[in-house]
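Asks:
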Amino acid sequence: MAFDKSKAIRAAEKHIAQGKIPAAIGEYRRIVEDDRDDFAALNTLGDLYARTGKKTEAAESFTGVAEHYRTQGFALKAIAMFKKILRLNPDDSDVAAKLAALYEGQGLAVEARAQYLSIVDAYTRAGRTSETLDLLRRVATLDPKNSQIRLRIGELAERENLPQEAAVAYAEAGERLLARREHEQALEAFTKARSLAPDDLNALSGFVSAHAALGTSDEAAQAIEDLLVARPDDVELRSMLVRAYLDAEDAPAAERATEELVRREASNERLFLDVAHLYLKAGMVDEAVHVAARAIEPLLSAREEEAVLEVLNEATARNPEQVEALRLLVRIHTWRRDDAETRLALERLVEVAEATGAKEEERNALMQLVRLAPDEEAYRERLQALGGWTEGSEAIGAGEFEMQPSAHEVPTFESFMISNDDYAETASSLPSDKAGDSSPAQFAEFEWNTVDSTSSAPDAASPAMAADAGVSFADLNESLGGENVPVDSSFAATAPPVQEQTFDNFETMSFGQSPDVSESLGRTVVGNERLESLLGQELESVDFYLAQGYTDIARDTLDMLERQYGQHAQIAERRRQLQEQLPESTASNETATATEPVTTPALEVEYSGFARYDVEPETPSPSFNAEVDQAFGNFTAGTSSDAPATPDSAAPIVNASAQTPDASSQTQTFDAGLADIFDEYRVAVEGDEPPSADYETHYNLGIAYQEMDLLDDAIEEFQKAAALAAPQDGTPRYLQCCNLLGHCFMRKGMGQIAAMWFRKGLDTPDHTEDEYQALRYELGAAYEQMGDTERAIETFTEVYGINVAYRGVSDKLRELRAQREKEVSSKQ
């Protein structure tokens, strides 16, 4: 005789209603034996076993259901089932490992870490060090900022004779402790790392930083000095040594270490400025200026003269009579072609030299002042008093360093430009014993043009070329602001006369009216292979957006392309596809429901009025299953993971993706032809993770828990989801969470809290009247459960006033009023 499944289910329900649980278990066992794929019946069998205290049998039933969900890719339902198993047997580390892997796959790092740590404790008690180390590595990946996990990894790796891994773990722990300003613990971690791997530069760098934070950098410097004995040419070690001495504020040692470092790698000359600042901090101005002078040439070549000026200005502020600092200031301002600052520095130098009796220094400064300000009689008189212009004198500070053009420096037009005749006039007016006095040339600061003056002169046989060159540079000089830049006066002798140019002979030409850009773009695309190719590339992104359902982004992109390329047949075709897809996506969202054969009785939750909350089955993700199986293959039990991925027969899940915020709601403005900006926008849109991922995960997990009667876990997930939504975010998310939280608390018999969540849902703006009507009815039911008959009658009356036929509300009101009259009469 064939097995009658429907009859067995009715018999089981009858036994449950009569409290005959063993008899009901027998019926469900017959159902499961007859239909191995009826996992709903298997789940109910597990619940019945749990009610009778048979935890082993219940766990076996739940495991079969959980493994089925896991292998089919229904991760959230598998999580709910594994949690039911753990409640029966909290020490089952195999189940905890599978649950942790599922949490990790869903991006729930906090929950995954908690499960892994529980397994770590179990493995530690059992002495399973190797497995513990593997799990701690996974926890470290989930919690990158956790220093204690890395310290435990270091200890276990050291115990397992893995010194390199232990050193890396200690160093990572030290970095995190250092970031949290736990300097002593950080130093201890770095010290352990260095003891295991003395050559690890990361550990050594952290070691130096920890000592600097504790004010004991001299100990770090000594440790580096010891290492340099065996590795004297290690540039990184010497760089750390300089840093250690700077942190220790030992200026002489820092200068010595910097000299050794620069001798091996000249690009570190900027460190001399740090040493100079340290000398200034110690009040040693002369030493600071001397050290800063060694960094001037590379810093000027790198256009970082401001850093040098900061040191020199502070030095002169502390010691106004510091001649070397003033000489360097003159040289830097001359190099910058800043006549005003150069003159100020020279005047200060003249004052200091006169006060100290340094006549030769004063004479050199005055000669340069005369060249800068030939109309100042006071300079000429003082220079005459000192003996006048002398031969063989050199510019201020010229012997200190010689500026050469950098190989990477781009010459400016000023460096080639023929200057005015100021210097020639100045030179001719100064007293000289020889007719061919070369002093002006001798006093030319910073000769940038290294080509011989004779070779730079234009050919005498080519006057036209010389005239053209003069016109070109004059025009360029005018366009650059007409700067009067001093250069070598020796060019004045070879410079051809610059003829004044007029525009009288230029003919005015009309190019017609400029065509409108928006009109011309559309016409030039057709037949232009390059523009057609560019448009085709952009339309590929539109096809991607349409295929993925990103209709708003596709619409914005088409608008931008139409502005950029004008009207085009391919753009019009994409607009037609977009218009066709919009009603299809809307219809699919309204009709996307998943039906599932449920053979066992399930608690019915009234969702009337919430028609927008479509029901869909959880989408399987087989690629994730393979990852979980590979990582924890030794934990698998029950159903094989090789089973084909078929649609699951589990209970439907409320769709949590009813509406999501539009990622392209903000207006984007694109200039025509700026394709690179659009590429950045497209990459940002395609590469960013959807902001609703966390909400979807918690919401769907709450649904799975609710279906498995894990109400506390469901409430926790719904509350997390509600915290990620907002009443006025334009989506039904917050309202959904309020509704489901109310139902969960109703099932727990906590009507007061349920009423609170229903009221929160009613306070949410911009929803349909049907949704509000459903929440009013549920709020009345919550008041009824609380025993608050008056408020229940008031709420149901409001529902009745809007729709008298809504869910039997008239009968409900009649019952409540009769109950109220009975209560009143009983009190009398």
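Converting from the sequence shown to my numbering requires adding 592 to each position, the first position being numbered 1. In this text, a Cβ means the ideal position worked out from N, Cα and C, and glycines have one as well.
(1) Does the beta-carbon distance from ALA840 to ALA813 come in below 8 Å?
(2) Whole angstroms are fine: how far does the CA of ALA845 sit from the CA of ALA965?
(3) Taking Cβ to Cβ, would you say CYS1330 is nearer than 8 Å to GLY1353?
(4) Between the C-alpha atoms of ARG835 and ALA693, what's the straight-line distance to the nearest angstrom?
(5) Can you tell me whether MET1342 is helix, strand or coil according to DSSP?
(6) Compare the beta carbon distance of ALA907 and ALA880 with 8 Å and say whether it is the shorter of the two.
(7) Sorted by chain position, which residues of the same chain lie with C-beta nearer than 8 Å to TYR1137's C-beta, five sequence neighbours on each side aside?
(8) Determine the direct distance from the alpha carbon of PHE1388 to that of ALA604, and round the result to whole angstroms.
(9) Going by DSSP, what residue range makes up the alpha helix (DSSP H) through GLY638?
(10) Just to check my reading of the structure: ASN681 and ALA651 have Cβ atoms closer than 8 Å, yes? What is that Cβ distance to the nearest angstrom?
(11) Would you report the Cα separation of ARG643 and ALA1313, rounded to the nearest angstrom?
(12) From GLU654 to LEU1333, what distance separates their C-alpha atoms?
(13) How far does the alpha helix (DSSP H) with ASN905 in it extend, from its first residue to its last?
(14) Using alpha carbons as the reference points, say which of ARG602, ASP791, ILE671, GLU774 lies closest to GLU1309.
(15) Would you check if there are 3 or more beta carbon pairs closer than 8 Å linking the stretch 775 to 785 to the stretch 796 to 813?
(16) Alpha carbon to alpha carbon, how far is LEU1127 from GLU1121? Give it in angstroms, no decimals.
(17) Pick from ASN956, GLU625, LEU936: whose alpha carbon is nearest that of ALA945?
(18) For LYS737 and ARG768, what's the separation of their Cα atoms in angstroms?
(19) Within 10 angstroms of its Cβ, does ASP818 collect 16 or more other Cβ (buried), or is it exposed?
(20) So the candidates are GLN1411, ILE1394, TYR1364; which of them puts its Cα closest to the Cα of ALA1384?
(21) Curious, which full-length alpha helix (DSSP H) runs of at least 4 residues does the stretch 1279 to 1329 contain?
(22) Rounded to a whole number of angstroms, what is the C-alpha to C-alpha distance between VAL657 and LYS676?
(23) Between which two residues does the alpha helix (DSSP H) harbouring HIS1359 extend?
(24) Taking its Cβ as the centre, do 16 or more other Cβ atoms sit within 10 Å of ARG830, making it buried, or is it exposed?
(25) Apart from the five residues just before and just after GLY875, which ones in its own chain have a Cβ nearer than 7 Å to its Cβ?
(26) Under the assumption that LEU838 contacts LEU870 (Cβ atoms under 8 Å), give the Cβ distance between them as a whole number of angstroms.
(27) Helix or strand or just coil, what does DSSP make of ARG1444?
(28) Are the stretch 712 to 732 and the stretch 741 to 751 touching, with three or more C-beta to C-beta distances below 8 Å?
(29) Rounded to a whole number of angstroms, what is the C-alpha to C-alpha distance between PRO824 and ASP791?
(30) DSSP three-state label for PRO966, please.
(31) Answer with buried or exposed for GLU625, where buried requires no fewer than 16 other C-beta atoms within 10 angstroms of its C-beta.
(32) Assuming LYS669 contacts ALA1296 (C-beta within less than 8 Å), just tell me the rounded distance between them.
(33) Considering only their Cβ atoms, is the gap separating TYR1369 from VAL1401 smaller than 8 Å?
Replies: Working from what's here:
(1) As a first step, residue 840 is located in the sequence shown; it is residue number 248 there, counting from the start. As a first step, residue 813 is located in the sequence shown; it is residue number 221 there, counting from the start. Going by C-beta atoms, ALA840 is nearer than 8 Å to ALA813.
(2) Taking the first residue of the sequence shown as 1, we reach residue 965 at position 373. Taking the first residue of the sequence shown as 1, we reach residue 845 at position 253. Approximately 45 Å, taken between the alpha carbons.
(3) As a working mapping, residue 1330 is identified with position 738 in the sequence shown. As a working mapping, residue 1353 is identified with position 761 in the sequence shown. For CYS1330 and GLY1353, yes; Cβs fall inside 8 Å.
(4) For the purposes of this step, residue 835 is identified with residue 243 of the sequence shown, where counting begins at 1. For the purposes of this step, residue 693 is identified with residue 101 of the sequence shown, where counting begins at 1. Between ARG835 and ALA693, the C-alpha separation is close to 45 Å.
(5) Here residue 1342 is taken as the residue at index 750 of the sequence shown, counted from 1. In this structure, MET1342 counts as coil in the three-state DSSP scheme.
(6) If you number the sequence shown from 1, residue 907 lands on position 315. If you number the sequence shown from 1, residue 880 lands on position 288. Yes, Cβ-Cβ distance for ALA907 and ALA880 is below 8 Å.
(7) Taking the sequence shown and counting its residues from 1, one reaches residue 1137 at position 545. Around TYR1137: THR1143, ILE1145, ALA1146, THR1149.
(8) Position 12 of the sequence shown holds residue 604. Position 796 of the sequence shown holds residue 1388. Answer to the nearest angstrom: the Cα atoms are 36 Å apart.
(9) Here residue 638 refers to the residue found at position 46 of the sequence shown. Here the alpha helix (DSSP H) through GLY638 covers 631 to 643.
(10) Numbered from 1 along the sequence shown, position 89 holds the residue referred to as residue 681. Numbered from 1 along the sequence shown, position 59 holds the residue referred to as residue 651. Confirmed, Cβ separation roughly 6 Å.
(11) Within the sequence shown, the letter at position 51 stands for residue 643. Within the sequence shown, the letter at position 721 stands for residue 1313. Their Cα atoms are separated by approximately 31 Å.
(12) Position 62 of the sequence shown, counted from the start, is the residue given in the question as residue 654. Position 741 of the sequence shown, counted from the start, is the residue given in the question as residue 1333. The residue asked about is misnamed: residue 654 is Phe in this sequence, not Glu. Whole-angstrom Cα-Cα distance: 25 Å.
(13) Indexing the sequence shown from 1 puts residue 905 at position 313. Counting along the chain, the alpha helix (DSSP H) containing ASN905 begins and ends at 897 to 910.
(14) Position 717 of the sequence shown, counting from 1, holds the residue named residue 1309. If we check each option's Cα against that of GLU1309, ILE671 comes out closest.
(15) yes
(16) Counting from one through the sequence shown, the residue named residue 1121 turns up at place 529. Counting from one through the sequence shown, the residue named residue 1127 turns up at place 535. For GLU1121 and LEU1127, the distance between alpha carbons rounds to 10 Å.
(17) Within the sequence shown, the letter at position 353 stands for residue 945. If we check each option's Cα against that of ALA945, ASN956 comes out closest.
(18) Here the question's residue 737 lines up with position 145 in the sequence shown. Here the question's residue 768 lines up with position 176 in the sequence shown. About 6 Å.
(19) If you number the sequence shown from 1, residue 818 lands on position 226. Classification of ASP818: exposed, given that the 10 Å Cβ count is below 16.
(20) The residue labelled residue 1384 in the question sits at position 792 within the sequence shown. Among GLN1411, ILE1394, TYR1364, the Cα nearest to that of ALA1384 belongs to GLN1411.
(21) The qualifying runs are 1285 to 1299, 1303 to 1316.
(22) Translated into the one-based positions of the sequence shown, residue 657 becomes position 65. Translated into the one-based positions of the sequence shown, residue 676 becomes position 84. If I take the Cα positions, the gap works out to 11 Å.
(23) Locating residue 1359 in the sequence shown gives position 767, counting from the first residue. From DSSP, HIS1359 is part of no alpha helix (DSSP H); its letter is neither H nor E.
(24) If you number the sequence shown from 1, residue 830 lands on position 238. Buried, by the Cβ-count rule.
(25) Along the sequence shown, one-based indexing puts residue 875 at 283. If we look at GLY875 and ignore the five residues flanking it on each side, it has no Cβ neighbours.
(26) Sequence index remark: in the sequence shown, residue 838 carries index 246 (1-based). Sequence index remark: in the sequence shown, residue 870 carries index 278 (1-based). So it is a contact: roughly 6 Å between Cβ atoms.
(27) Residue 1444 cannot be examined here, being either before or after the span of the chain that is shown, 593 to 1420.
(28) yes
(29) Sequence index remark: in the sequence shown, residue 824 carries index 232 (1-based). Sequence index remark: in the sequence shown, residue 791 carries index 199 (1-based). If you take the alpha carbons of PRO824 and ASP791, they lie about 14 Å apart.
(30) By 1-based counting over the sequence shown, the position of residue 966 is 374. Three-state result, PRO966: coil.
(31) Position 33 of the sequence shown holds residue 625. With fewer than 16 other Cβ atoms inside 10 Å of its own Cβ, GLU625 counts as exposed.
(32) Locating residue 669 in the sequence shown gives position 77, counting from the first residue. Locating residue 1296 in the sequence shown gives position 704, counting from the first residue. Yes, they are in contact, since the Cβ atoms of LYS669 and ALA1296 sit about 5 Å apart, within 8 Å.
(33) Here the question's residue 1401 lines up with position 809 in the sequence shown. Here the question's residue 1369 lines up with position 777 in the sequence shown. Contact flag set, yes.
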